[in-house]
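In the order they appear, the protein sequences are chains A and B. Be aware that the first sequence starts at 16, since it is given in our numbering, and climbs by one per residue. Be aware that the second sequence starts at 1010, since it is given in our numbering, and climbs by one per residue. Cβ coordinates follow ideal geometry from the N, Cα and C atoms, glycine included. Keep in mind that this is a model prediction, so the values were computed, not measured. Contents: one structure, followed by commentary.
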Amino acid sequence: KQEVTQIPAALSVPEGENLVLNCSFTDSAIYNLQWFRQDPGKGLTSLLLIQSSQREQTSGRLNASLDKSSGRSTLYIAASQPGDSATYLCAAYSGGGADGLTFGKGTHLIIQP
Amino acid sequence: SAVISQKPSRDICQRGTSLTIQCQVDSQVTMMFWYRQQPGQSLTLIATANQGSEATYESGFVIDKFPISRPNLTFSTLTVSNMSPEDSSIYLCSVGGGNYGYTFGSGTRLTVV
């Protein structure tokens, strides 16, 4: 059974810093990995989707990498802003429908002005 | 990717009552998915809803408690029945899968008092 772990559980940094969020998964047989952002009490906004054949994806100040063999993904946020404050979730997709989508518990990020 | 409109965004309900959550998608989709996110936890899949057939429920979730309707390819509802304070959660609908990743609604924050 796939397990997804996110470290750290919480992170607080000053505005302007570059930061890295980590996601690890136990079963490397994944089709893709997706990073989401969740604001308090709200739904999920998809940030980046990395296919198993890809090494990284970029969108603006965000860069996500994937190393299937080691079971790791990272989300790099450049020049952080207070508006980046949210919980960031990663989810590994192992196929077979939505029951093949396994979420981590998230990293709660606070960017201090 | 698809756009999902979910409502209500939040509600406070009395124990013993029921709440129906609606999700409308801007394109036709075969499957829609319903999730629960309990406070401080990650997402748990409740059921998969296919148009024209009964929903498929995950272990620990039953139709009497979480009846689902799927009258057409763009709409679904989830009812939380006979609510207790333990049902206080964020409920989310989702579409997608495979190589395209998943898209989520804006969430319904339910508080049962």
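Using the Cβ count rule (16 or more neighbours within 10 Å means buried), how would you classify B:I1021? exposed
Taking 7 Å as the cut-off, is the C-beta of B:R1019 nearer than that to any heavy atom in the ligand ZN? You won't find the ligand ZN in this model; it holds no ligand whatsoever.
Only counting the same chain, and skipping five residues up and downstream in sequence, which positions put a Cβ closer than 8 Å to that of A:N33? Y91, I92, A93, A94, S95
Which class does A:D42 belong to by DSSP, given the choice of helix, strand or coil? coil
Could you tell me which residues DSSP puts in a beta bridge with B:R1045? B:T1053, B:Y1100
Does the Cβ-Cβ distance between B:N1059 and B:T1039 come in under 8 Å? yes
Given 8 Å, three or more beta-carbon pairs between the region 34 to 50 of chain A and the region 95 to 110 of chain A: yes
At a Cβ threshold of 8 Å, is B:L1101 touching chain A? yes
On the three-state DSSP scale, how would you describe A:P97? helix
Sequence-distant residues of the same chain with beta carbon closer than 6 Å to B:S1103, five excluded per side: F1042, Y1111, F1113
Just confirm the distance between the C-beta atoms of B:Q1046 and B:C1032, as a whole number of angstroms; I'd bet it's less than 8 Å. Not a contact, Cβ separation roughly 15 Å.
In chain order, what residues of the same chain have a beta carbon less than 8 Å from the beta carbon of A:S74, not counting five sequence neighbours either side? L62, L63
Length of the line joining the Cα atoms of B:G1116 and B:G1049: 15 Å
Per-residue DSSP class, three states only, for B:D1073: coil
Local Cβ density within 10 Å of B:S1068, reported as buried at 16 or more and exposed below that: exposed
Would you decide whether B:T1026 is buried or exposed? Buried here means 16 or more other CB atoms lie within 10 Å of its CB. exposed
With which residues is B:T1083 paired in a DSSP beta bridge? Bridge partners of B:T1083: none, in fact.
I need the straight-line Cα distance from B:R1079 to A:P29, nearest angstrom please. 46 Å
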